[in-house]
Every structure is written in C-alpha cells, then in structure tokens.
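The next block holds one structure in the form of structure tokens; read it before the comments.
Number of protein chains: 2
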Amino acid sequence: MPEPRKQQPTLELVAERAGVSRATVSRVVNGSDKVKADVVRAVEKAIAELNYVPNRAARSLAQGRTNSIALVIPESTAKFFADPYFASVIQGAAMYLSTTEFTLSLLIATESDPTKTSRYLRGGNVDGALILSHHADDSSYSELAGSLPLVFGGRPMSNENGNVFVVDVDNAAAARKATEAMLKTGRKHPVTISGPQNMGAAIDRQRGFEQAVHEAGLPAGPVAVGDFTPDSGESAMRELLASGAKIDSLFAASAQMAFGAMKVIADAGLMVPSDIAIATIDDDSFARNASPALTTVAQNAEEQGAKMAEVVVQRINGESVPERIIMPTKLILRGSHGV
Amino acid sequence: MPEPRKQQPTLELVAERAGVSRATVSRVVNGSDKVKADVVRAVEKAIAELNYVPNRAARSLAQGRTNSIALVIPESTAKFFADPYFASVIQGAAMYLSTTEFTLSLLIATESDPTKTSRYLRGGNVDGALILSHHADDSSYSELAGSLPLVFGGRPMSNENGNVFVVDVDNAAAARKATEAMLKTGRKHPVTISGPQNMGAAIDRQRGFEQAVHEAGLPAGPVAVGDFTPDSGESAMRELLASGAKIDSLFAASAQMAFGAMKVIADAGLMVPSDIAIATIDDDSFARNASPALTTVAQNAEEQGAKMAEVVVQRINGESVPERIIMPTKLILRGSHGV
DNA sequence: TTGAAAGCGCTAACAG
DNA sequence: CTGTTAGCGCTTTCAA
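Going line by line, the protein sequences match chains A and B.
The first sequence: position 231 = 231 (UniProt numbering), numbered continuously.
The second sequence: position 228 = 228 (UniProt numbering), numbered continuously.
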C-alpha cells in the first residue's frame with residue numbers, strides 16, 4: 001500500500017487562522033522587520049498550532065534559489081572515503097551548513113557518465129558546490145566555475161585562470177616543517193614517500209621536503225610514490241629499502257603511508273626512530289596510534305571543510321572573498337622523528 | 001559583484017524550438033511512451049541543443065515529491081565520523097542513490113535543537129530518510145515513521161512497534177562467531193570490551209560473546225565498557241588488567257577498541273596471541289593494520305548503506321519490503337586469535 | 001497522440 | 001505596515 005502522504009499545512013491555512021494575508025505570513029516566516037509585533041505573535045501562534053513548515057520546493061521556485069549546496073566527490077575519491085581526512089572535511093562542511101539555511105547534497109561524480117554531475121550542477125539544482133578532488137586534474141569543473149559559485153578543497157592542478165576559489169593548506173610549508181624537525185636530530189640520509197604525481201597536494205609536499213633537505217645541505221635521496229593509503233606506504237617502503245640507498249630518515253606524505261611504512265621497517269628489523277626517523281602529515285588515528293606515535297603536521301580537515309562551506313555561502317550571497325585561503329598547520333612533535 | 005545567475009533554458013523554450021507544446025516536452029522528459037517517435041526525436045534534439053536541464057524545484061512542486069532522501073546523523077555520532085564504519089555506510093548509500101533519480105542530503109541532527117531535524121523531515125522536504133544512529137535510543141524518530149518512510153541502520157533500542165524498518169547485521173551471531181574462533185584455541189579465561197550500553201549493536205555483541213562463552217562451558221569474566229573508539233579500548237583494557245582477573249583471551253566489540261587494547265597489552269609486556277588471544281568485529285584499517293592483524297568478523301558497511309538506500313527507495317515507491325533485513329557477516333581468521 | 005489550462009506553495013513587486 | 005496580484009517552471013487532468 002503506497003502510504004498516502006500526510007498533507008502538510010500550507011501557508012494559506014496559517015494565514016486564515018491568523019486572520020491575515022499570505023503575504024504577511026510569508027513576511028513573518030522570513031523574518032521581515034516590517035510587521036507589527038502583535039501580528040507577528042498571532043502568526044507565530046498559528047504556525048505553532050498548525051505545526052507549519054514551509055515547503056522548500058515552492059520557496060526555491062519562487063525565489064530562484066535552492067538553498068542547497070552540493071558536495072562533489074569524484075568516484076575515484078569515493079573509494080578513499082575511508083580516509084579520515086575526507087570524512088572530516090565532509091563533517092566540517094555539514095556541521096557548518098547545519099547552522100545556516102543551506103542543505104548539503106552529497107554528489108558522487110560517476111566516471112562512467114561525467115556529464116551527469118555537471119549537468120546536475122549547471123541545472124540550477126544547487127546554489128553552489130564544494131569540489132573535493134583527491135585525484136588528478138579537475139579541469140572538468142573549472143568550466144563550471146563560470147555558471148556557479150564553486151569552491152575547491154585543495155589546490156586543483158589546472159592553471160589558475162581566475163575565478164577559481166580554493167581553500168587549501170600550505171602543503172609545501174607543512175612538509176618543510178615536518179622534514180626540518182626530523183633532520184634536526186642529525187639525520188643525513190633522508191628519503192620520502194610521495195603521493196600521486198597528479199595531485200597538487202602531493203607535489204607540493206614533495207617540494208617542501210626537497211627544500212628542507214636542500215637547505216640542510218643534504219643530498220636528495222630516492223623518492224617512492226604511493227597513493228596515500230597504508231598499503232601503498234608499505235610497498236613504497238619496501239621499494240626504498242630494496243633500492244640499497246642509505247636511509248636514516250623518512251618523510252611520508254601522509255600518516256597512512258607512514259603507518260604502512262613502519263610495518264615494513266619493523267619487519268626489516270629496524271627501529272624507529274633510532275635506525276630510521278619518521279615525520280609525516282595528518283594528525284589522524286594512524287598518526288596517533290602508531291608506535292612510536294608519529295611526529296606529524298596537523299591540518300585540521302574539519303576546519304577546512306567548514307571554511308569551504310563558509311566561502312561558498314559568502315560567494316552565493318555576493319560577498320567578496322579571497323580566491324585563495326590557506327589554512328594553518330601545526331607541527332606536532334611525538335616520538336617518531338627521533339631525539 | 002553578486003554574480004548574475006546565468007539563466008537556464010526552460011521547458012517552454014524547448015517546446016518552442018521543437019514546435020510542440022510544453023506538455024509534450026514534459027512527456028518526453030519523463031519518458032512517456034505515448035509520444036510519436038519522430039516527435040520524441042525532435043524534442044530530444046531541441047533539449048540537446050539548448051542543453052536543457054529540468055528544474056528540480058518546479059518539478060517537486062508540481063508532483064509533490066522531492067526526489068531527495070535525507071541521511072540523518074545525530075550530532076553525537078558526527079563526532080565519530082572518523083569511524084570508518086560510518087564513512088562506509090554513507091558512501092554505500094551515496095553510491096547507490098547516484099544510480100537513481102534521488103539525491104542524498106546530509107543532515108546533522110543538532111542536539112541543541114532536536115526539533116529542527118524532525119521539522120525538516122516532516123516538512124515535506126524529503127521523500128524518505130535514512131537514520132544512522134550510533135548512540136542511544138532514538139524514539140524521537142520513531143514517531144516520524146508515521147509520516148515518512150524511514151529506514152534505520154542498526155537496530156534502534158526502542159521497542160519495535162511495527163512500521164520500523166531496519167537494515168542491520170546479526171551482531172549477536174557475529175560476536176558469537178568471533179568468540180568461538182578465539183575459544184577454539186583452548187582459551188579458558190575470556191573477557192570482553194563491550195560498547196555503549198544504550199546501543200543495540202553493543203548489547204547484542206555482548207550477548208553473543210556471553211552465549212559463546214557459556215556454550216563452551218566457561219565462566220563469564222569481567223566486562224569493560226568502551227565507546228567503540230581506540231582510546232576507550234585502551235582504558236577498558238587497562239581496567240581489565242587492573243581487575244586482577246585471569247585473562248587469556250579478549251573479545252572486543254569493535255576493531256578500533258581492540259586496536260587500543262593491544263597497545264595496553266603490549267605495554268604490560270604481554271604478547272598477542274600467546275598470552276592473550278583477541279577476536280573482534282569490523283574489518284577496517286585498524287583490524288588490518290594491527291600486528292598481529294586482527295581476527296575479526298567483517299560486516300560490509302558499504303553494502304549496508306546501499307541496502308538502506310535501496311529500501312527507502314522501494315518504500316517510497318510503495319513496494320513492499322521486509323521490515324528487518326539482516327546483512328551477512330564473514331569471519332576472517334588472522335593472527336590475533338591464536339593457533 | 002497532443003494541446004490547453006489549471007494549479008503545486010511560496011515570494012515579490014506594487015499599491016494602498 | 002499589510003493586502004492584491006502575478007508569476008517561478010513543471011506536471012497533469014481533460015478535451016480534442
């Protein structure tokens with residue numbers, strides 16, 4: 001039995017009950033300050049009694065805005081959903097928006113039909129969108145930026161042809177901080193496990209590492225590439241160890257990879273930090289639960305998510321916002337970087 | 001400068017271009033089979049040329065359905081967002097819905113204003129809702145079940161007064177399986193770290209553990225309570241060790257807690273599994289990355305999320321669905337349960 | 001098989 | 001300060 005949809009009270013009903021016009025009810029609902037106080041009270045009473053809730057679709061249609069914001073996640077990224085970083089960004093955005101009139105719609109961008117997402121976005125179904133790209137070059141979205149307020153999480157690879165709003169962390173600086181802390185314990189043979197070479201964050205972190213190494217007057221050791229997952233950290237570390245290069249310190253571009261690498265290091269009979277010092281990025285459960293706990297650079301993903309949401313909302317409201325917002329990072333010294 | 005919203009082509013425009021009425025275009029868009037083939041072609045051509053996308057709000061208003069589904073997360077749960085289990089459920093639901101005409105709205109149920117969420121849900125803003133309750137008794141939502149198709153993830157504590165649709169795993173059976181595997185190695189002094197006592201899943205798992213222990217003719221050891229996080233696992237384990245009880249095996253109600261417990265066990269100079277065998281539930285990165293890797297019962301959270309979404313959609317479409325769907329679990333033997 | 005017309009529930013000028 | 005009057009873009013009888 002197709003449950004009959006319980007009929008919601010309409011604005012009209014409230015108007016009748018309060019003895020005013022629909023327009024007035026609408027004004028009260030929308031918090032206009034040009035309604036006499038006693039009328040406001042009467043209307044609010046009627047609203048409460050009828051348990052009235054405005055109809056979103058009707059409102060959207062009338063005002064030409066949807067009050068909803070999309071959070072776009074490329075399908076490839078969705079597979080990395082278990083990455084605490086993403087979960088936190090999403091959480092931050094959702095929490096922030098829950099304090100506004102906006103609703104968050106989760107959109108998985110299927111790779112089989114890439115136009116589906118952009119059609120949806122362009123179709124006036126949302127007022128703005130947050131693009132969370134783990135992977136690659138998202139030039140596909142850049143074009144959309146012309147027709148809709150878009151905010152990217154993390155620097156997209158595509159060249160910044162203006163109008164591209166980004167909330168990012170200073171990955172290079174973060175990597176430099178981590179590496180410096182590690183080298184300060186007198187290490188001479190640093191290596192790194194980098195991230196996917198088509199990701200801005202990965203490249204920036206690698207660059208930061210190399211800068212720190214260079215400034216310390218040390219030679220650049222071998223580089224292994226992972227994809228930010230623990231498994232990839234393991235194989236990268238195996239590769240590094242097999243390379244025969246002398247290694248006394250490791251900067252891993254993500255805590256998950258550092259975590260994976262540590263298992264390989266232990267299996268090889270080496271100790272952290274005495275044999276190999278480690279520093280990384282991300283203060284997640286992997287960093288905290290490793291033993292020794294990982295010296296890392298925290299990047300408050302939750303705040304980043306909240307900031308992204310805040311920025312779209314501001315852009316939707318026509319406020320001016322800087323195109324590039326850099327979130328602060330914090331070095332957290334724990335055991336893994338040595339003494 | 002408040003970017004002027006680029007005007008989308010309307011149905012009317014398509015109609016003009018195709019030389020038909022709006023009604024016909026609507027029929028084509030909605031896949032009616034009562035439109036002549038050549039007319040369909042003409043309309044589709046016009047749609048493509050204009051890059052027309054139907055307006056969601058208008059459609060909702062006209063048909064009285066929103067094509068969107070809410071995913072409700074209690075704020076308390078949101079804090080546990082980093083729990084890979086939740087992330088996976090959400091991912092599964094989002095992925096499934098991306099193949100349908102429905103959109104997923106993420107709703108954080110604020111505790112400061114609990115009515116906000118239920119008002120939103122009751123306000124006809126969504127066609128159905130998925131309730132993901134980590135915590136406690138959600139009787140608050142049970143009442144809503146009368147006015148909206150609701151599907152719960154995990155058995156809610158409230159008594160099942162019908163009309164409560166649930167997609168759950170057989171937690172008791174899962175716990176029993178894990179415990180049995182662990183006891184089979186000849187352990188005589190099992191203890192458990194349970195979850196929050198106001199959660200169905202936690203209670204069921206504890207019951208499953210107790211059954212297995214009882215069936216093995218063993219005495220029930222002490223029980224410590226955690227909240228499924230690694231940290232709580234640590235303190236629970238410390239408590240257990242401090243209790244002075246003889247312990248040679250541990251069933252932890254979540255891999256995260258098992259992971260935390262292992263650190264305490266190691267600190268106490270004990271070995272897993274020789275001194276203490278461990279079995280748990282959840283095949284997440286914690287289970288896989290512990291050393292030794294954890295013997296556990298996997299519960300495919302992603303599939304559970306997809307199933308939840310599937311069930312709401314079916315209920316929205318008026319199809320009949322069983323009230324209780326139990327997802328299968330799978331025992332995964334790894335090192336931690338002993339030999 | 002198609003078109004005309006009447007709304008869906010709300011907001012937004014424009015008067016008063 | 002409040003009511004009247006048009007729509008927003010689409011679906012949906014009802015006729016033709």
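Even glycine gets a Cβ: it sits at the ideal position worked out from N, Cα and C.
Rounded to the nearest angstrom, how far is the Cβ of A18/B from that of A42/B, given a contact under 8 Å? Taking the second sequence and counting its residues from 1, the one referred to as residue 18/B is at position 18. Taking the second sequence and counting its residues from 1, the one referred to as residue 42/B is at position 42. That belief holds up - the Cβ atoms of A18/B and A42/B are roughly 5 Å apart, short of 8 Å.
Closest to L183/A by CA distance: which of G128/A, Q314/A, N317/A, A277/A is it? Numbered from its first residue, the first sequence carries residue 183/A at position 183. It is A277/A whose Cα lies nearest to the Cα of L183/A.
For D38/B, is the beta carbon positioned less than 7 Å from some heavy atom of the ligand HEM? Among the ligands in the structure shown, none appear at all, so the ligand HEM cannot be discussed.
Does the pairing of the stretch 187 to 201 of chain A with the stretch 241 to 250 of chain A give three or more beta-carbon distances under 8 Å? Result yes; three or more Cβ-Cβ pairs closer than 8 Å.
Closest Cα partner of S112/A within the set A87/B, T99/B, S118/B: In the first sequence, counting from the first residue as 1, residue 112/A sits at position 112. Residue T99/B is the option with its Cα nearest to S112/A.
Per DSSP, which one or two residues make a beta bridge with R324/B? Position 324 of the second sequence, counted from the first residue, corresponds to residue 324/B. Answer is V166/B, bridged to R324/B.
Using a Cβ cut-off of 9 Å, pull out every chain B residue sitting near M237/A, in sequence order please. Your numbering for residue 237/A matches position 237 in the first sequence. Simply none; closest approach about 14 Å.
From R238/B to V264/B, what does the alpha carbon distance come to, in whole angstroms? The residue you call residue 238/B lines up with position 238 of the second sequence. The residue you call residue 264/B lines up with position 264 of the second sequence. Those two C-alpha atoms are separated by around 6 Å.
Look up I69/B in the DSSP assignment and say whether it is helix, strand or coil. Against the second sequence, residue 69/B aligns to sequence position 69. Of the three classes helix, strand and coil, the one that applies to I69/B here is strand, per DSSP.
Check the Cβ-Cβ distances between A129/B and every residue of chain A, and say whether any is below 8 Å. Residue 129/B sits at position 129 when you count from the first residue of the second sequence. No, its Cβ sits nowhere closer than 8 Å to a Cβ of chain A.
Taking F209/B as the reference, which of L250/B, L144/B, Q256/B has the closest Cα? Here residue 209/B refers to the residue found at position 209 when the second sequence is read from its first residue. F209/B has its Cα closest to that of L250/B, out of L250/B, L144/B, Q256/B.
Name the DSSP bridge partner or partners of T296/A? Residue numbering aside, residue 296/A sits at position 296 when the first sequence is read from its first letter. Answer is T280/A, I332/A.
Answer yes if the stretch 162 to 171 of chain B comes into contact with the stretch 215 to 234 of chain B, meaning at least three C-beta pairs across the two stretches below 8 Å, and no otherwise. By the Cβ test, the stretch 215 to 234 of chain B is not in contact with the stretch 162 to 171 of chain B, since fewer than three Cβ pairs between them sit closer than 8 Å.
Quick one: what does DSSP say S274/A is sitting in, helix, strand or coil? If you number the first sequence from 1, residue 274/A lands on position 274. Three-state result, S274/A: coil.
Does chain B have any CB closer than 8 Å to the CB of V53/A? Numbered from 1 along the first sequence, position 53 holds the residue referred to as residue 53/A. Yes, because at least one Cβ of chain B sits closer than 8 Å to the Cβ of V53/A.
Are there three or more Cβ pairs, one per stretch, closer than 8 Å when the stretch 45 to 62 of chain A is compared with the stretch 54 to 66 of chain B? yes
How about A93/B and A301/B: are their beta carbons less than 8 Å apart? As a working note, residue 93/B is residue 93 in the second sequence. As a working note, residue 301/B is residue 301 in the second sequence. Not a contact, by the Cβ cut-off of 8 Å.
Can you tell me where the beta strand (DSSP E) with P114/A in it begins and where it stops? Walking along the first sequence from the start, residue 114/A turns up at place 114. Counting along the chain, P114/A falls outside any beta strand (DSSP E), though it belongs to the alpha helix (DSSP H) covering 114 to 122.
Can you give me the C-alpha to C-alpha distance between G124/B and T115/A, rounded to a whole angstrom? Counting from one through the second sequence, the residue named residue 124/B turns up at place 124. Counting from one through the first sequence, the residue named residue 115/A turns up at place 115. Near 29 Å, if we compare the C-alpha coordinates of T115/A and G124/B.
Check whether the stretch 203 to 217 of chain B and the stretch 170 to 178 of chain B are in contact - that is, three or more C-beta pairs closer than 8 Å. yes
Once DSSP output is grouped into helix, strand and coil, what is the label at L50/B? Position 50 of the second sequence, counted from the start, is the residue given in the question as residue 50/B. Helix, per DSSP.
Which two residues bound the contiguous alpha helix (DSSP H) that contains I90/B? Residue 90/B sits at position 90 when you count from the first residue of the second sequence. Segment 84 to 97, the alpha helix (DSSP H) holding I90/B.
Are there three or more Cβ pairs, one per stretch, closer than 8 Å when the stretch 314 to 331 of chain A is compared with the stretch 14 to 28 of chain B? no
Find the residues of chain B that neighbour P222/A, judging by a C-beta separation of less than 7 Å, and give them in chain order. Counted from its first residue, the first sequence places residue 222/A at position 222. Those do not exist, as P222/A stays about 25 Å from chain B at its closest Cβ, beyond 7 Å.
Going by CA-CA distance only, name the one from A253/B, T117/B, A261/B that's closest to E234/B. Taking the second sequence and counting its residues from 1, one reaches residue 234/B at position 234. Answer by Cα proximity: A261/B.
Quick check on DSSP: helix, strand or coil for G200/B? Mapped onto the second sequence, residue 200/B falls at position 200. It is helical.
Neighbour flag for N125/A against chain B, beta carbons, 8 Å: On the first sequence, residue 125/A is found 125 positions in, with the first residue counted as 1. For N125/A, the answer is yes, since a Cβ of chain B falls inside 8 Å of its Cβ.
If you draw a straight line from the alpha carbon of V223/B to that of A268/B, how long is it in whole angstroms? As a working note, residue 223/B is residue 223 in the second sequence. As a working note, residue 268/B is residue 268 in the second sequence. Those two C-alpha atoms are separated by around 19 Å.
When DSSP builds the beta bridges, which residues end up paired with S105/A? Here residue 105/A corresponds to residue number 105 of the first sequence, with the count starting at 1. Note: S105/A sits in a beta bridge opposite A70/A, S105/B.
Contacts of L294/B in chain A (Cβ-Cβ under 7 Å): Here residue 294/B corresponds to residue number 294 of the second sequence, with the count starting at 1. Ordered by position in chain A, no residue passes the 7 Å Cβ test against L294/B, which lies about 13 Å from the chain.
Three-state secondary structure (DSSP) of G153/A: Sequence index remark: in the first sequence, residue 153/A carries index 153 (1-based). Looking at G153/A - three-state DSSP - the assignment turns out to be strand.
In chain A, what lies closer than 8 Å to P114/B by C-beta? Numbered from its first residue, the second sequence carries residue 114/B at position 114. Here the premise fails: no neighbours, minimum Cβ distance about 13 Å.
Cβ of L13/B less than 8 Å from any chain A Cβ? Position 13 of the second sequence holds residue 13/B. Not an interface residue.
Closer than 9 Å by beta-carbon distance: list the chain B residues that pair up with Q197/A, in chain order. Start at 1 with the first residue of the first sequence, and residue 197/A comes out as number 197. Going along chain B, no residue has its Cβ under 9 Å from Q197/A, so there is no contact; the nearest lies around 24 Å.
Using DSSP with H/G/I as helix, E/B as strand and the rest coil, what is A218/B? Taking the second sequence and counting its residues from 1, one reaches residue 218/B at position 218. Looking at the sequence provided, one finds Leu at residue 218/B rather than Ala. Looking at L218/B - three-state DSSP - the assignment turns out to be coil, as it is neither helix nor strand.
What residue does the alpha helix (DSSP H) around L183/A start on, and which one ends it? Locating residue 183/A in the first sequence gives position 183, counting from the first residue. Its alpha helix (DSSP H) spans residues 171 to 183.
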